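Novice: In the UniProt record's numbering, the protein residues as written are 1 to 296.
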Amino acid sequence: MQELGTTYETSADRSATARGTKTRRVHPRAVIRACAGGVLAAFIAVSSAVSPVAAQDTPAPAGKSSHDLILELGAGASVQPAYEGADDYTVQPQPFVALHYLSLPVFGEFGGKPEQGLSISPSFRVVRERDDNDYSKLRGIGDVDTAVELGGAVKYRWNNLEAYLALRRGVTGHDGFVGETGVNLVTYPTNKLEITAGPRLSFADAEYLQTYLGITPAQAAASGLAIFDPDGGIKGVGASLEARYAFTENWSVVGQAGYEHLVGDAADSPITDAGSENQFTAALGLTYKFGLDLFD
Numbered sequence: 001m002q003e004l005g006t007t008y009e010t011s012a013d014r015s016a017t018a019r020g021t022k023t024r025r026v027h028p029r030a031v032i033r034a035c036a037g038g039v040l041a042a043f044i045a046v047s048s049a050v051s052p053v054a055a056q057d058t059p060a061p062a063g064k065s066s067h068d069l070i071l072e073l074g075a076g077a078s079v080q081p082a083y084e085g086a087d088d089y090t091v092q093p094q095p096f097v098a099l100h101y102l103s104l105p106v107f108g109e110f111g112g113k114p115e116q117g118l119s120i121s122p123s124f125r126v127v128r129e130r131d132d133n134d135y136s137k138l139r140g141i142g143d144v145d146t147a148v149e150l151g152g153a154v155k156y157r158w159n160n161l162e163a164y165l166a167l168r169r170g171v172t173g174h175d176g177f178v179g180e181t182g183v184n185l186v187t188y189p190t191n192k193l194e195i196t197a198g199p200r201l202s203f204a205d206a207e208y209l210q211t212y213l214g215i216t217p218a219q220a221a222a223s224g225l226a227i228f229d230p231d232g233g234i235k236g237v238g239a240s241l242e243a244r245y246a247f248t249e250n251w252s253v254v255g256q257a258g259y260e261h262l263v264g265d266a267a268d269s270p271i272t273d274a275g276s277e278n279q280f281t282a283a284l285g286l287t288y289k290f291g292l293d294l295f296d
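#1: I want to know whether the segment 187-196 touches the segment 235-253 - three or more CB-CB distances under 8 Å.
#2: Within a Cβ cutoff of 8 Å, which residues of the same chain sit near G182, ignoring the five residues on either side of it in sequence?
#3: Look at the Cβ atom of E287, then the Cβ atom of S78, and state whether they are nearer than 8 Å.
#4: Short of 8 Å in beta carbon distance, which residues of its chain neighbour L209, apart from the five on each side in sequence? Order them along the chain.
#5: Just reading off the beta strand (DSSP E) that A81 is part of, what are its end residues?
#6: Given a threshold of 16 other Cβ atoms within 10 Å of its Cβ, counted over all protein chains shown, does G90 qualify as buried or as exposed?
#7: Give every residue of the same chain whose Cβ lies closer than 8 Å to the Cβ of V263, excluding the five residues on either side of it in the sequence, and list them in chain order.
#8: For Y288, which beta-bridge partners are listed by DSSP?
#9: Using CA atoms only, rank isn't needed, just tell me which of R128, G255, Q279 and L99 is closest to G173.
#10: Since T211 sits in a beta bridge, which residues does DSSP pair it with?
#11: For F107, count neighbouring Cβ atoms within 10 angstroms of its own Cβ and tell me buried if that reaches 16, exposed if not.
#12: Report the partner residues of Q94 according to the DSSP bridge assignment.
#13: If you check the beta carbons only, do L69 and F96 fall under 8 Å apart?
#14: With respect to the alpha helix (DSSP H) encompassing T181, which residues constitute its N-terminal and C-terminal limits?
Structural data, given as structure tokens:
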């Protein structure tokens with residue numbers, strides 16, 4: 001399950017890769033096969049590695065952390081749309097960053113377990129750059145720099161159900177607001193395996209949509225695409241699945257699959273018309289969780 005802030009997601013929104021990173025384009029059918037195959041492989045691996053005796057409904061709740069900061073860092077690979085609204089897909093390195101717990105003087109604690117009831121946490125995301133020279137369908141509309149988004153999230157958990165709302169603003173790359181809301185069912189087939197799945201709804205303001213899906217008069221003249229000035233609103237609907245297997249207290253394997261169907265002005269954009277409203281993602285990686293003492 002994703003904790004507090006994270007740069008990886010199972011929606012159609014993209015995680016960061018450095019400028020110049022080489023990517024490989026793949027067909028959307030390959031993404032669907034990768035999602036299904038990855039989930040199947042995860043279940044086969046887990047079922048062969050875990051004794052049925054170890055199964056339980058929920059893991060034992062952890063007490064108050066002895067550290068001021070608990071982070072989870074990792075790396076892997078992802079398959080995702082080359083840009084928002086694309087029908088081209090890329091395989092690229094995938095960073096995993098999750099903030100599980102943070103204790104600050106005066107401000108108090110964020111995160112930690114048990115995770116019942118209402119919680120407020122930071123939310124962040126990195127969206128990789130878009131170079132119009134890489135894709136003939138974008139030729140003439142100009143580049144979009146790597147974006148860093150910062151914001152907050154509110155989550156309410158009741159037993160194995162959780163509802164959340166996250167809102168972020170671009171501090172680089174774009175100046176808009178973007179976010180998502182959803183409901184998750186969190187299950188624990190074993191004491192080492194956690195599966196999180198549920199529906200998603202994403203939204204964005206006009207500034208965000210103009211950056212990634214709008215066409216200005218100058219861009220229209222250079223690209224041949226129609227002028228498009230999108231309004232803010234619901235951006236997409238979809239679902240996500242995450243499976244996390246902790247084979248030690250610190251090391252985990254994380255697999256993710258997601259689908260988003262662009263709607264409204266996001267679907268009406270000439271960029272989406274030339275690409276696809278259907279956005280699939282898949283990721284697999286290895287993560288390490290550790291704690292740090294920041295204050296005496």
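Where a beta carbon is used, it is the ideal one built from N, C-alpha and C, also for glycine. Just so we're clear, the structure is a prediction, and the values are computed from it rather than from any experiment.
Specialist: On the basis of the supplied data:
#1: Because the criterion of three Cβ pairs below 8 Å is met, the segment 187-196 and the segment 235-253 touch.
#2: Contacts found: A163, Y164, G198, P199, R200, L201 and S240.
#3: Inspection of the sequence shows that residue 287 is occupied by Thr rather than by Glu. With contacts defined by Cβ atoms closer than 8 Å, T287 and S78 do not form a contacting pair.
#4: Residues G176, P230, D231, G232, K235, D265, A266 and S269 of the same chain have their beta carbon placed closer than 8 Å to that of L209, with the five preceding and five following residues left out of the count.
#5: Correcting the residue type first, residue 81 is Pro in the shown sequence and not Ala. Where P81 is concerned, the enclosing beta strand (DSSP E) stretches over L69 to P81.
#6: Here residue 90 is Thr; the residue named in the question, Gly, does not match the sequence. Per the 10 Å Cβ criterion, buried.
#7: The residues are I234, K235, G236, V237 and E277.
#8: Looking at the DSSP assignment, Y288 forms a beta bridge with L73 and W251.
#9: Selected option, being the one with the closest Cα: R128.
#10: Answer by DSSP bridge pairing: none, since T211 is not bridged.
#11: Around the C-beta of F107, fewer than 16 other C-beta atoms lie within 10 Å, and the residue is accordingly described as exposed.
#12: G76.
#13: Not a contact, by the Cβ cut-off of 8 Å.
#14: Premise fails: T181 lies in the beta strand (DSSP E), F177 to T187, not in any alpha helix (DSSP H).
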